[in-house]
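So the structure is just underneath, and the comments pick up after that.
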Amino acid sequence: MWKAKIIVTYKPGILDPEAKTIQHALGSLGYGNIQDITAGRFFELSLDAGLSQAAAEAQTREICEKILSNPVIQKYSYELSETVL
Amino acid sequence: MKFGIVVFPGSNCDHDTYHVIRKVLGADVFYIWHKETSLRLFDAIILPGGFSYGDYLRVGAVARFSPVMKEIVQYAKEGGPVLGICNGFQILLESGLLPGALIPNEKMRFLCQDVHLKVINHATRFSKQYTEGQVLRMPIAHYSGNYFADDDTLKRLQDQERIALQYCDAEGNVTAAANPNGSKLNIAGIYNEYKNVLGMMPHPERAAEAVLGSEDGLGMFKSLLERN
């Protein structure tokens with residue numbers, strides 16, 4: 508079984524209102540030294556073991572580009588690992 | 430003239446829009462279930478507001494893969510008029526029919542309030558009833574109405590006169606103070622290149638009867654009703 512761990516975040520330069528709100532909250536809790544925060548979404552896909560690593564990567568990328576992220580505003584990264592049941 | 434209103438799971442302004450077209454304008458209108466695959470019968474398509482698929486993942490992200498969207502993309506490419514209101518606008522952006530994206534409001538609040546809008550481009554089939562620069566009052570009701578596009582896209586929208594509506598004050602001044610959600614260039618609505626597709630965050634269907642406080646949205650539907 509392949510496991511893809513995917514993180515989707517806003518691209519640099521796009522003001523993320525959620526991250527800004529968290530940063531503001533941290534500031535009022537006394538963590539004024541936090542310079543920047545990135546917020547995002549995390550996904551974990553389990554792909555069947557019959558796929559080659561290349562095929563599993565290709566499918567992960569396709570899913571990220573097609574639906575899990577919006578390339579206009581977001582970028583994604585992933586880690587693929589083989590797990591033994 | 431037959432209007433079609435697309436119904437996704439989670440649409441909730443479909444009945445309001447239907448009411449305005451049938452009862453206020455007296456025109457023919459039909460619901461289109463999102464699994465429909467033919468739009469040949471219709472002279473204009475409306476994607477209504479709501480929370481299609483619970484807004485899961487991103488607003489409009491799941492709805493754009495509904496079977497009907499493939500037909501709507503084709504319908505729009507053939508020149509058919511498509512109006513996306515609120516969640517409908519979000520779906521049009523996700524589907525690529527319009528450029529840019531809508532992200533959560535700058536202040537991370539759901540906004541439900543009347544806004545003023547400046548009509549920028551009045552000569553289209555959505556806005557013939559309005560005059561250039563006319564100030565409209567309509568409600569907004571959204572959490573993700575903060576329009577974003579990169580600088581090249583914004584410049585293209587300006588150069589091609591594709592900005593349809595901008596948030597403004599009561600006198601029509603487009604100011605930062607009149608921008609409720611952080612949208613780039615105070616954008617409340619944009620056209621596609623051929624101006625047969627309009628996406629907008631405000632709700633014209635909620636401002637189409639005097640008893641509801643404003644009739645300013647009615648012109649949008651009346652414009653569509655006018656024969657070209």
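As given, the protein sequences belong to chains A and B, one line each in that order.
Add 507 to a position in the first sequence, counting from 1, and you land on the number used in my numbering.
Add 429 to a position in the second sequence, counting from 1, and you land on the number used in my numbering.
Beta carbons are placed, not taken as given, at the ideal position from N, Cα and C, and that holds for glycine.
Given the structure is predicted, the values throughout are model-derived calculations rather than measurements.
Query raised in the report: Along chain B, in chain order, which residues have C-beta atoms closer than 9 angstroms to that of Pro519/A?
Result: None at all; the shortest Cβ gap to chain B is about 12 angstroms.
Query raised in the report: Val548/B by DSSP, collapsed to three states: which one?
Result: Val548/B: strand per DSSP, three-state reduction.
**Report entry** For Lys536/B, the three-state DSSP class (helix, strand or coil)
**Finding:** coil
Requested in this report: Taking Gln566/A as part of the alpha helix (DSSP H), name the residues at either end of that continuous run.
Outcome: Gln560 to Ile570
Report task. Give me whichever residues DSSP pairs with Gln568/B in a beta bridge. Result -> This sequence places Pro at residue 568/B; Gln is not what is there. For Pro568/B, which the question treats as bridged, DSSP gives the partners Asp543/B.
Report task. From the DSSP output, read off the bridge partner residues of Glu465/B. Result -> Partner(s): none; Glu465/B has no beta bridge.
Requested in this report: Classify Asp457/B as helix, strand or coil using the three-state DSSP reduction.
Outcome: strand
Report task. Output, in sequence order along the chain, the residues in the stretch 529 to 540 of chain B whose CB is closer than 8 angstroms to any CB in chain A. Result -> Gly529, Ala530, Ile532, Pro533, Asn534, Glu535, Lys536 and Met537
Report task. At 8 angstroms on the CB atoms, spell out the chain B contacts of Glu525/A, in chain order. Result -> Against chain B, a Cβ distance below 8 angstroms from Glu525/A picks out Pro533 and Met537.
Query raised in the report: Under 8 angstroms, do Leu653/B and Pro477/B count as touching if we go by C-beta distance?
Result: no
Query raised in the report: From which residue to which residue does the beta strand (DSSP E) around Met630/B run?
Result: Unbroken run through Met630/B: none, as it is neither H nor E.
Query raised in the report: Mind pulling the chain B residues with CB within less than 8 angstroms of Thr567/A?
Result: Simply none; closest approach about 16 angstroms.
Query raised in the report: Using a C-beta to C-beta distance shorter than 7 angstroms, which residues of chain B count as neighbours of Ile513/A?
Result: Chain B residues near Ile513/A: none, gap ~12 angstroms exceeds 7 angstroms.
Requested in this report: Would you tell me roughly how many angstroms separate the C-alpha atoms of Leu512/B and Ile450/B, rounded to the nearest one?
Outcome: In a straight line, the C-alpha of Leu512/B is about 13 angstroms away from that of Ile450/B.
Query raised in the report: What separation, rounded to the nearest whole angstrom, lies between the Cα atoms of Tyr576/B and Leu526/B?
Result: Tyr576/B and Leu526/B: Cα-Cα distance of roughly 15 angstroms.
Requested in this report: Report all residues from its chain with a CB closer than 8 angstroms to the CB of Asn534/B; omit the five preceding and five following residues, and keep chain order.
Outcome: Leu540, His571, Tyr572, Ser573, Gly574, Asn575, Pro609, Asn610 and Gly611, listed in sequence order.
**Report entry** Contact set for Ala511/A: own chain, Cβ-Cβ below 6 angstroms, skip 5 residues either direction
**Finding:** Leu552, Thr567, Tyr585 and Leu587
Query raised in the report: Distance, Cα to Cα, Cys515/B vs Gln542/B?
Result: Between Cys515/B and Gln542/B, the alpha-carbon positions lie close to 14 angstroms from each other.
Query raised in the report: Which residues, taken in chain order from the stretch 571 to 588 of chain B, show a beta carbon closer than 9 angstroms to some beta carbon of chain A?
Result: Asn575, Phe577, Ala578, Asp579 and Thr582
Query raised in the report: Are there 16 or more other CB atoms within 10 angstroms of the CB of Phe650/B, so buried, or fewer, so exposed?
Result: Phe650/B is buried by the Cβ-count criterion.
**Report entry** Pairwise C-alpha distance: Asp523/A and Phe432/B
**Finding:** 38 angstroms
Query raised in the report: With a Cβ-Cβ cutoff of 8 angstroms, do His463/B and Val491/B count as a contact?
Result: Going by beta carbons, His463/B and Val491/B fall outside the 8 angstroms limit.
Query - Under 7 angstroms by beta carbon: chain B residues contacting Ile580/A - result: Neighbours of Ile580/A in chain B, taken as residues at a C-beta separation under 7 angstroms, are given in chain order as Ala530, Ile532 and Phe577.
Query raised in the report: Just reading off the beta strand (DSSP E) that Val515/A is part of, what are its end residues?
Result: Trp509 to Tyr517
Query raised in the report: Is Arg566/B near His545/B, with beta carbons less than 8 angstroms apart?
Result: yes
Report task. Could you please give me the residues that DSSP links to Gln519/B through a beta bridge? Result -> BP columns for Gln519/B are empty, so no partner.
Query raised in the report: Run through DSSP, which three-state label would Phe432/B get?
Result: strand
**Report entry** Contact with chain B by Thr528/A, beta-carbon distance below 8 angstroms
**Finding:** Residue contact with chain B for Thr528/A: present (Cβ-Cβ distance below 8 angstroms to some residue of chain B).
Query - Expected contact under 8 angstroms - CB spacing of Glu525/A and Ala546/A to nearest Å - result: Going by Cβ atoms, the distance from Glu525/A to Ala546/A rounds to 5 angstroms, so yes, they are a contact pair.
**Report entry** the stretch 624 to 642 of chain B contacting the stretch 601 to 608 of chain B, beta-carbon criterion three pairs below 8 angstroms
**Finding:** no
**Report entry** Which residues DSSP lists as bridging Lys651/B, in chain order
**Finding:** In DSSP, Lys651/B forms no bridge with anything.
Query raised in the report: Counting along the chain, where does the alpha helix (DSSP H) carrying Glu525/A start and finish?
Result: Pro524 to Ser535
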